[in-house]
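Scroll down for the structure; my scribbles are underneath it.
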């Protein structure tokens, strides 16, 4: 999908996903959700080939979640596709995130109309895999993986423990929400001024990862695997956190079944970290 090229790009993605699922639903018994998930993770980590992910993402969500019994039909496929291509709005399925993070995720998702709790939860999984102590390879900190300069701008003592820290999950999540809402506001102004095309949500997500300066220069989501792959990877989790393609019973909240992060002692799952230099440019563009 060309997330920054408007409706034609989204339509192309939708068609590709629908065609893939139409074929996949006929042989679902032969597909391994865990194998598909593993393939997706390898693709993201090694190459970030975001433009190739949409059909695979839809299949993963369809066959690893919704329905709970492993069965899936055309209606399930349509619902997953609709959520994947949607605005990330709606209620969070509280069973899909750690219990103590339900309130901050929902609060962060109520800060502005453009960013809902499903978006917040989906982005957290992409950024840190819900690892509250993660330090990224470029210095990003905490569950939302904000660079220190960005967290300093948006972080507050939201958990009322008399300190503001990126390693306090609530502080980090609320800073994430404020930052995303700020980026969404910038995106809306760019669209209104005919300076960019695409959805407000996609532009904001791309701005979070590669910086709003890059989004401005590209007049939309940059046509790179890094930017487009990031947007698709976040969207890939919408159905899960909306409860449409929820994990099977017994799955750990906030963790995609079958995926074992590559954990480096003292840092956490490094492959999910986003470049701090790029993210820092998002703050400078505010």
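Residue numbers (the numbering used here): 21 to 306. Glycine is no exception: its CB is placed at the ideal position from the N, C-alpha and C atoms.
Looking at the DSSP output, residue 135 sits in a beta bridge with 132. Straight across, the Cα-Cα distance linking residue 121 with residue 196 is about 13 Å. Around the beta carbon of residue 146, 16 or more other beta carbons sit within 10 angstroms, so the residue counts as buried. Closest in alpha carbon position to residue 108, among 175, 229, 249 and 255, is 255. With contact defined as three or more Cβ pairs closer than 8 Å, the region 202-221 and the region 146-163 are not in contact. Partner residues in the beta bridge of residue 166, as assigned by DSSP, are 161. Per the coordinates, the alpha-carbon of residue 165 lies some 20 Å from the alpha-carbon of residue 132.
If you ignore the 5 residues before and after residue 180, its C-beta comes within less than 6 Å of no other C-beta in its own chain. Taking a cut-off of 8 Å for Cβ pairs, the region 240-247 and the region 222-230 touch, as three or more such pairs fall below it. With contacts defined as CB atoms closer than 8 Å, residue 126 and residue 112 qualify as a contacting pair. As a beta-bridge residue in DSSP terms, residue 155 pairs with 161. For residue 213, no alpha helix (DSSP H) run applies, since DSSP gives it neither H nor E. Distance from the Cα of residue 223 is smallest, within the candidate group 212, 213 and 208, for 208. Relative to residue 171, the option among 149, 158 and 194 whose CA is nearest is 194.
Under the DSSP assignment, residue 224 falls in the alpha helix (DSSP H) whose first and last residues are 220-230. Put simply, the backbone Cα of residue 198 is about 8 Å away from that of residue 175.
A residue is called buried when at least 16 other Cβ atoms come within 10 angstroms of its Cβ; residue 169 does not meet this threshold and is exposed. At least 8 Å separates the beta-carbon of residue 117 from that of residue 129. Here DSSP, grouped into helix, strand and coil, assigns residue 236 to helix.
Using a Cβ distance threshold of 8 Å, residue 135 and residue 201 count as a contacting pair.
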